[in-house]
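Below you'll find the structure, written out as structure tokens, and then a few comments.
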Amino acid sequence: MEESENTKRIVIRFLPSDREVEIEKGTDLLTAALENDVPIATQCKGNARCGCCLIEIIEGSNNLNKIGIDERDYLPRKEMRLACRARAYGPVTVRCVQDPEAITKNRSTRLRKDSEFEVGGPDLLDC
Ligand code: FES
């Protein structure tokens, strides 16, 4: 039996902004956030090399993929993940660790239309 379009979509809730976004199952949470204008810091283009995209998992950790080797060293607590490495397969509520207002004011990393990141100049986020 083929999955319907509706069952391929899930809802992610981002705190503290309390934004709910609908994404396709298997999407990483950094992409989910940036495609929906939820600010999350990133300097490494989502390659698990900067540790800026830390998020706290509030609910639904069982709906995420397992923590990978490339992610482990960046996680200060077990309920935290790198948004760029956390892929969601069911509803999840997460809290962005970085101050969203500070990120919005000094946002130098943006998601381009072709889904590639463009990293800004010398005013990169100090995360
Ligand atoms: S974006 Fe750099 S570690 Fe996730």
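Numbering-wise (the numbering used here), the sequence shown opens with residue -12 and increments by one. The beta-carbon is built from N, C-alpha and C at its ideal position, and this holds for glycine as well.
Does the stretch 3 to 14 touch the stretch 55 to 73, meaning 3 or more C-beta pairs lie closer than 8 angstroms?
no
Where Asp15 falls: helix, strand or coil (DSSP):
strand
Which same chain residues, not among the five before or five after Val(-2), have their C-beta less than 6 angstroms away from its C-beta?
Glu7, Glu9 and Pro78
Straight-line gap, Arg0 to Cys71 (C-alpha atoms, nearest Å)
16 angstroms
Three-state class that DSSP yields for Leu62 in the structure shown:
coil
For Gln30, is the beta carbon positioned less than 7 angstroms from some heavy atom of the ligand FES?
yes
Beta carbon of Ile135, beta carbon of Ala20: below 8 angstroms?
Residue 135 is absent from the model: the chain starts at -12 and stops at 114.
Under 8 angstroms between the Cβ atoms of Ala73 and Leu41?
no
CB-CB length for Met16 against Ala75, believed under 8 angstroms:
The residue you asked about is not Met; residue 16 is Leu in the sequence shown. Their Cβ separation, rounded to whole angstroms, is 6 angstroms, which keeps Leu16 and Ala75 in contact under 8 angstroms.
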